[in-house]
Each structure stands twice: as structure tokens, then as C-alpha cells.
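Participant:
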Amino acid sequence: MPSDMPALPPALDLLGIAIFALTGALLAARLRQTFVTMAFFALVTGVGGGSVRDLLIGAPVFWVRDPLVAPVCLGVAIVAWIAPRRWWEGSGNLIEWADAAGLAAYSVLGTIKALRFGVPPVPAILMGVVTGCVGGIIRDVLAGQPSILMRPELYVTAAALAASLAAVGILAGLSPAITWAVAAAAGFALRGAAIRWSLALPSYGGARQV
Amino acid sequence: MPSDMPALPPALDLLGIAIFALTGALLAARLRQTFVTMAFFALVTGVGGGSVRDLLIGAPVFWVRDPLVAPVCLGVAIVAWIAPRRWWEGSGNLIEWADAAGLAAYSVLGTIKALRFGVPPVPAILMGVVTGCVGGIIRDVLAGQPSILMRPELYVTAAALAASLAAVGILAGLSPAITWAVAAAAGFALRGAAIRWSLALPSYGGARQV
Amino acid sequence: MPSDMPALPPALDLLGIAIFALTGALLAARLRQTFVTMAFFALVTGVGGGSVRDLLIGAPVFWVRDPLVAPVCLGVAIVAWIAPRRWWEGSGNLIEWADAAGLAAYSVLGTIKALRFGVPPVPAILMGVVTGCVGGIIRDVLAGQPSILMRPELYVTAAALAASLAAVGILAGLSPAITWAVAAAAGFALRGAAIRWSLALPSYGGARQV
């Protein structure tokens, strides 16, 4: 990730990528896949959203020139493979919450990066949503699973909230640090509420009540 | 879309994007999805083909720097969500014909844009086909539906006809306006005939007769 | 493909693309698809991996400016369509071995191209794997088939071996020709052994013994 992104230290950034990568590796484990598939899923989930964003906005793809990001994803896959299985049995909840934090943080980061590249507000917000959600969508399509897109679970909405607040904050001239904190906290809170109370959006036709 | 594309006024261009976006939104409605999924499908279907073309030919992705395209797609999703359901019940046929017009127009536009970027004829024709068809293919893959690619229905062929005529016209030095009109009309006529008489291509092995 | 890739003459390069394209066309035939689908699959399989690699490393997409690659893929589809069906019945084995050669060669080629573009070693190896494998993965996702990623069969591993040896050879200063030969031979041998003795990787949880 470029060093000019405000208020996300590189170590935190790598931590976020590692968490996304772990969700990919654990899906592969759940599907009883091989180590190679696990590594592929870790990589695609960790860097997929940011890669699509960078291609769309015309930026160099962040991880291709970075000596650390890809090894971190592969390292996550190695840990997921060799760790005792019970590590992951009790951790579904922890991983879901960590994923919520990553989702919120990356949606903000993607929006701000797009705005800095001169992208207008509405596409910039969409770039934030892409950064947060597309890695998981690619992972699910490759796995032949119904992606988060096709489930009523409130997920993309939390990314859209974080991205929108980030765009509003930056365009209103707020300090990047405050914008970061408020937008990411709101996205995380919404996704957290969805996890805690199983919030779902209504489906078309109104068959489902929230 | 760049303003140097011949004979497609910006309003018509946005109309074409809106029609493609509507086909995406209505697929989400048919699958009883949420509004967020509907918006995502509207966007992917409206801009997917042109995005892949722009990435492949090395052009800036047309909608990322445009302040109107993404809001139009999102607006289409809002209309699709709030309009009374009976609007869409009677409209399947109309939408199919509108999609045929969009398919023909975008296949021509994509080919001409690629030729202007210095792409040789055969890849340029393929870029036209990509522009017309890939948005719908991505939409179907995300939805877990069999894409137009896997159905014998005559669809990609109409895009290929429009794109080929566009390339021939431009390379033969015909005026862009005439090329546009002839190529798009031919593609539209072929796709229209396919809708009207359920034309399908023969399958490999000859099991199916046209 | 750029002419500065060592030790892969253009004719061999087109042959490799044609072989990959043929695997795409024959999958379409097996699924009883139309000629248009066959041509689309031939193209996607032939150029998909190299296209994703070029997008990720920021290189011009190799086949878009090339007057020959796309016609070769389309020509392969025509041959696959009109040839008597018994040609392909006896040839499954030959095609699998040819695919193994293409896999090894392209994994090496992709890695070397990425290194020349200044990509660090680990991402460069991944670019090699992408070049060798992603065309087939896109083909399988479009066809709604379980991709090579989701089968325990040893395939991506052979690409990773070839790509890793290529990176080691180049970074150790070995001559490109020797690096090419050793890395591609090792990848081909591993994939060949997997075909010959049905080698598979163990799955997560240890249910499957190699």
C-alpha cells in the first residue's frame, strides 16, 4: 500500500491483509482443499479487492511491487495448514470480528486512495466498497460458494457506509486522521451489529422481514 | 465514454448503460436479492464490458473518472427497487429488445475505440464483443446462473457481426456515421431475429437442429 | 509475447497458446456448446493467464497489439469444430501432455517477464503461476465446472516449481537459456509424474493419503 495513505501504519496494513488472507485459507480448509489451494485462496482474498481497485483507478497494483505482502499471505496459509485444527474451531467468532475490522478499514483506505487519484466522489466510494468486498467475492466464486453478494446478510452495506463517510470527511476538509477514525468506526459498528444481532437487509418483494 | 467516439451522443450512451444496468437490477430482483445486491449487479452489468475492454487496450477505465455513469447505474437500481413490481412483469419483452439495441451499439463502439487505440483488426473486433457481452457474463457468474455463453441462444454472434462490420467499415475508410449505422443495425437485426424466432446456434455434435 | 523473453521462439510461443486454446475448445465440445462458445473458450484459455499477469505487472496486454495471437486462437476453434470427432476421442492423453508442456513453459516465461519488469521474487513467482494456470481457471469458472484449483490433482504445484526455479536461476545469474531449460523441464517432469501416477496433494485434515 502506498505510504501516503493517512493514519494506517504499514504494520496495521499488513495485519489487515493477513486477516483477509486467513479467511480465504480457512474457507479452503473447510472445503478440505490442498495446501496449494489454501495458499491461492489466502492470496486472492488478501489482495483481490485492492488489486481490482488499483486496476480500475490506473494505479500500480499495490502488492506486485511490494516485497512483503505476498509472502505474508503465503505465511498465513502455512500457519493455517500446520496449526492444530482446534485453533480454528473456537475462532470462528474472532475471525468474523477481525474481518469486520478489515472490511471497515479497507473500505476507508480504498476510498481515500481513489480520491487522491482524482476519482470523483461516487466512483471513489465504489472503489472503497470494491477494496473491502471484492477479495471475498472472488474467493467465493472460485470456490463455487454463494458469495456474500447473494446473501441478505448486512455486509456490503457496512463497507458502503464506511466508504461514504470517508468521502464526505475528505471532501469536507476534515483532517484525514479524524475522517479515518469516524468512518472506519461507523462501518465496523454497523457490521458488528449485523454479526451480533444477525441483521439482514430486506429482499426484493418484501418476503423477508428484517 | 470518450467524446471522440463517432455518432453516439452522450445522452444515448448513458441510456445504453442504463438499459444494461436495468437488466442487472432485474436479475437481482428475480433472484429475490437485497437492494445492495441489486445496485452491485446494476453497476457490474452497466460498466463491466467497457471496463474489461479499457483494461485490455490500456485506456483509462471510462466510468471511473466520469461523474455521471456510476450515479446513473445506482439510480437505475433505486428505480428498479421502488417501482411497483407490475412495471417489470409486462416489460420482459421490451427489456430484451432494449438490451439488443445496447448490445449492437456497444459492440460497434468498443470496436471503434479499440481501433483508435491502435489495436489490430481481429483483436479490435474481439474488444467490441467484450464491450457488448462481458458485463452480462460477469453478472451471471456472480449470480451463479448459466451465462449467455453457455446457452445456444444467438447472442454473442450478433455482437460479433456488429463488431466485424464496424471494423470493416472503418478500415475501408467509410464515414464513421455510416459505419455506425450499418454495423449497429445489422447486429440489432440479427439479435432481434433471434429473439423473434428463437434462433439458436447448433451445438457441437449436431444434436440440436437450428 | 515480447520478443525479449529468452529462448522461446515466437513459433513455439504461438504453439503453446494454440495448445491452451485447444483445451478450452475441447471443453466446450465436451459440454455440447456452440461454435461461438468454443471460440470464446479457446481465446480465454489461450490468453487469460498472460492477460491477468500483464494487467497486474502493468505491461501492455500481450495479445491485444499482436496481429497473430487472437487469429491463432480462433483458428484453433475452427479446427476443433470441423475436425471429425474421433480426432479428439483418442487424443485426451496427448492433449494432457501437451498442456503439461505449456504449463511449464508459461510458468517460466511469466516469471521471467515479471522479473524484467522489476517485480520482486515472490510476486514474480506468483506471476509465473498466474500465467500458467489462470486461463484454465477462468475457463472452468465460466463453464461452471470445478476448476483445477478445487481438485487435489497436482497441477498448480508444477507451475510453482517451474516458476520458483526460474526465479532462482535468473537471480543467481545463470544464463537465461539454462534457466529456461532446467525450470521448464522440472515443472514438466512433476506434472508428467502427476499425470502418469495420478499424484495428488493431501487435503486439509489428512483424509486423503497421497
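Chains as they are written, first to last, in full-length UniProt numbering: chain A, 1 to 210; chain B, 1 to 210; chain C, 1 to 210.
From the three backbone atoms N, C-alpha and C, an ideal C-beta is built for every residue, glycine too.
Does the beta carbon of C:Val210 come closer than 8 Å to any beta carbon on chain A?
Facilitator: Within the third sequence, residue 210 of chain C is the residue found at index 210, counting from 1. With a pLDDT of only 34 at C:Val210, under the threshold of 50, the placement of this residue in the model should not be trusted; the figure read from the coordinates follows. No, C:Val210 does not count as interfacial toward chain A.
Participant: Whose C-beta lies closer than 7 Å to the C-beta of A:Ala143 among residues of the same chain, with five residues either side of it excluded?
Facilitator: If you number the first sequence from 1, residue 143 of chain A lands on position 143. Answer for A:Ala143: Leu27 and Leu31, listed in chain order.
Participant: What is the residue span of the alpha helix (DSSP H) that A:Val134 lies within?
Facilitator: Position 134 of the first sequence, counting from 1, holds the residue named residue 134 of chain A. A:Val134 -> alpha helix (DSSP H) spans Pro121 to Ala143.
Participant: Considering C:Pro71, what are the terminal residues of the alpha helix (DSSP H) in which it resides?
Facilitator: Position 71 of the third sequence holds residue 71 of chain C. That run of the alpha helix (DSSP H) goes Val69 to Ile82.
Participant: Between which two residues does the alpha helix (DSSP H) carrying residue 258 of chain C extend?
Facilitator: With chain C covering only 1 through 210, there is no way to say anything about residue 258 of chain C.
Participant: Run through DSSP, which three-state label would B:Ala59 get?
Facilitator: As a working mapping, residue 59 of chain B is identified with position 59 in the second sequence. Coil at B:Ala59, not helix or strand.
Participant: Just verifying my parser: in three-state terms, what is the DSSP assignment at A:Ser203?
Facilitator: As a working note, residue 203 of chain A is residue 203 in the first sequence. Of the three classes helix, strand and coil, the one that applies to A:Ser203 here is strand, per DSSP.
Participant: Are the CB atoms of C:Ile148 and C:Asp99 nearer to each other than 8 Å?
Facilitator: Along the third sequence, read from residue 1 onward, the residue named residue 148 of chain C stands at position 148. Along the third sequence, read from residue 1 onward, the residue named residue 99 of chain C stands at position 99. No, the pair does not count as a contact, with Cβ atoms beyond the cut-off.
Participant: Buried or exposed for B:Ile178, please, with buried defined as at least 16 other CB atoms from any protein chain shown within 10 angstroms of its CB.
Facilitator: Position 178 of the second sequence, counting from 1, holds the residue named residue 178 of chain B. With fewer than 16 other Cβ atoms within 10 Å, it is exposed.
Participant: Find the nearest neighbour of C:Ala160 within the set C:Ser51, C:Thr34, C:Leu103 and C:Val36, judged by alpha-carbon distance.
Facilitator: Counting from 1 along the third sequence, the entry for residue 160 of chain C is found at position 160. Comparing Cα positions, the closest option is C:Leu103.
Participant: Using the beta-carbon of each residue, which ones in chain C are nearer than 8 Å to residue 212 of chain B?
Facilitator: In this structure chain B extends from 1 to 210, so residue 212 of chain B is not present and cannot be described.
Participant: Given a threshold of 16 other Cβ atoms within 10 Å of its Cβ, counted over all protein chains shown, does B:Ala163 qualify as buried or as exposed?
Facilitator: Position 163 of the second sequence, counting from 1, holds the residue named residue 163 of chain B. It counts as buried.
Participant: Following the continuous alpha helix (DSSP H) through A:Leu109, name the residue where it begins and the one where it ends.
Facilitator: The residue labelled residue 109 of chain A in the question sits at position 109 within the first sequence. From DSSP, the alpha helix (DSSP H) with A:Leu109 extends over Gly92 to Arg116.
Participant: Please name the residues in the stretch 132–151 of chain C whose beta-carbon is closer than 8 Å to at least one beta-carbon of chain B, in chain order.
Facilitator: Residues passing the 8 Å Cβ filter: Val141, Leu142, Ala143 and Gly144.
Participant: Flag C:Ile17 as yes if its beta-carbon sits less than 8 Å from any beta-carbon of chain A, otherwise no.
Facilitator: Start at 1 with the first residue of the third sequence, and residue 17 of chain C comes out as number 17. Judged by the 8 Å Cβ criterion, C:Ile17 is not in contact with chain A.
Participant: Residues in the same chain with beta-carbon distance under 7 Å from B:Ala183, minus the five sequence neighbours each way, listed in chain order, please.
Facilitator: Along the second sequence, one-based indexing puts residue 183 of chain B at 183. For B:Ala183, where only same-chain residues beyond five positions count, the Cβ hits under 7 Å are Val108, Ala162, Leu165, Ala166 and Gly169.
Participant: Return the CA-CA distance between C:Thr23 and C:Thr131, expressed in angstroms with no decimal places.
Facilitator: Your numbering for residue 23 of chain C matches position 23 in the third sequence. Your numbering for residue 131 of chain C matches position 131 in the third sequence. Roughly 15 Å between the two C-alpha positions.
Participant: Decide if the stretch 41–58 of chain B is in contact with the stretch 61–69 of chain C; the criterion is three or more beta carbon pairs, one per stretch, under 8 Å apart.
Facilitator: With the cut-off at 8 Å, the stretch 41–58 of chain B and the stretch 61–69 of chain C touch.
Participant: Measuring CA to CA, which of A:Ala124, A:Ser175, A:Val129 and A:Ile95 is closest to A:Gly192?
Facilitator: Along the first sequence, read from residue 1 onward, the residue named residue 192 of chain A stands at position 192. Per the Cα distances, A:Ile95.
Participant: Could you give the first and the last residue of the continuous alpha helix (DSSP H) run that contains C:Thr34?
Facilitator: To locate residue 34 of chain C, count along the third sequence from 1; it is residue 34. From DSSP, C:Thr34 is part of no alpha helix (DSSP H); its letter is neither H nor E.
Participant: For B:Val156, which residues in chain C fall below 8 Å Cβ to Cβ?
Facilitator: Residue 156 of chain B sits at position 156 when you count from the first residue of the second sequence. By Cβ distance, chain C contributes Val36, Thr37 and Phe40.
Participant: For C:Val182, report the span of its alpha helix (DSSP H) as first-last.
Facilitator: Start at 1 with the first residue of the third sequence, and residue 182 of chain C comes out as number 182. Here the alpha helix (DSSP H) through C:Val182 covers Pro176 to Trp197.
Participant: Identify whether A:Val64 lies in helix, strand or coil by the three-state DSSP scheme.
Facilitator: As a position in the first sequence, residue 64 of chain A is number 64, starting the count at 1. Here A:Val64 sits in coil by DSSP.
Participant: Nearest chain C C-beta to A:Arg65 closer than 8 Å, yes or no?
Facilitator: Against the first sequence, residue 65 of chain A aligns to sequence position 65. Closer than 8 Å: yes.
Participant: Quick one: list the residues of chain A neighbouring B:Pro71, beta-carbon separation under 7 Å, in chain order.
Facilitator: Looking up residue 71 of chain B in the second sequence gives position 71. Near B:Pro71 (Cβ distances below 7 Å), the residues of chain A are Val122.
Participant: Rounding to the nearest angstrom, what Cα-Cα distance links B:Ile112 and B:Ile17 in this structure?
Facilitator: By 1-based counting over the second sequence, the position of residue 112 of chain B is 112. By 1-based counting over the second sequence, the position of residue 17 of chain B is 17. Distance between the alpha carbons of B:Ile112 and B:Ile17: 17 Å.
Participant: Within a Cβ cutoff of 8 Å, which residues of the same chain sit near B:Phe117, ignoring the five residues on either side of it in sequence?
Facilitator: Taking the second sequence and counting its residues from 1, the one referred to as residue 117 of chain B is at position 117. Counting only Cβ-Cβ distances below 8 Å, and skipping sequence neighbours, we find Ile57, Gly58 and Ala59.
Participant: In angstroms with no decimal places, state the Cα-to-Cα distance between A:Gly128 and A:Tyr106.
Facilitator: Along the first sequence, read from residue 1 onward, the residue named residue 128 of chain A stands at position 128. Along the first sequence, read from residue 1 onward, the residue named residue 106 of chain A stands at position 106. Looking at the two C-alpha atoms, the distance is approximately 7 Å.
Participant: Anything in the stretch 180–208 of chain B with a Cβ closer than 9 Å to a Cβ of chain C? List those residues in chain order, please.
Facilitator: Against chain C - using a Cβ distance shorter than 9 Å - the residues of the stretch 180–208 of chain B are Ala200, Leu201, Pro202, Ser203, Tyr204, Gly205, Ala207 and Arg208.
Participant: Could you tell me the boundaries of the alpha helix (DSSP H) in which A:Ile85 lies?
Facilitator: Against the first sequence, residue 85 of chain A aligns to sequence position 85. In the sequence as displayed, the identity of residue 85 of chain A is Arg instead of Ile. Its alpha helix (DSSP H) spans residues Arg85 to Glu89.
Participant: From the beta carbon of B:Leu26, is the nearest beta carbon of chain C less than 8 Å away?
Facilitator: Here residue 26 of chain B corresponds to residue number 26 of the second sequence, with the count starting at 1. Cβ-Cβ to chain C under 8 Å: no for B:Leu26.
Participant: Check each residue of the stretch 78–90 of chain C: if its Cβ is closer than 9 Å to any Cβ of chain B, include it; give the result in chain order.
Facilitator: Listed in sequence order: Ala80, Trp81 and Arg85.
Participant: Cα-Cα, which of C:Pro10, C:Arg196 and C:Ala158 is closest to A:Trp36?
Facilitator: For the purposes of this step, residue 36 of chain A is identified with residue 36 of the first sequence, where counting begins at 1. Position check: residue 36 of chain A holds Val in this sequence, whereas Trp was assumed. Ranking C:Pro10, C:Arg196 and C:Ala158 by Cα distance to A:Val36 puts C:Ala158 first.
Participant: Here's the rule: buried if 16 or more other CB atoms are within 10 angstroms of the residue's CB, otherwise exposed. What is B:Leu154?
Facilitator: Your numbering for residue 154 of chain B matches position 154 in the second sequence. Buried, since its Cβ has 16 or more Cβ neighbours within 10 Å.
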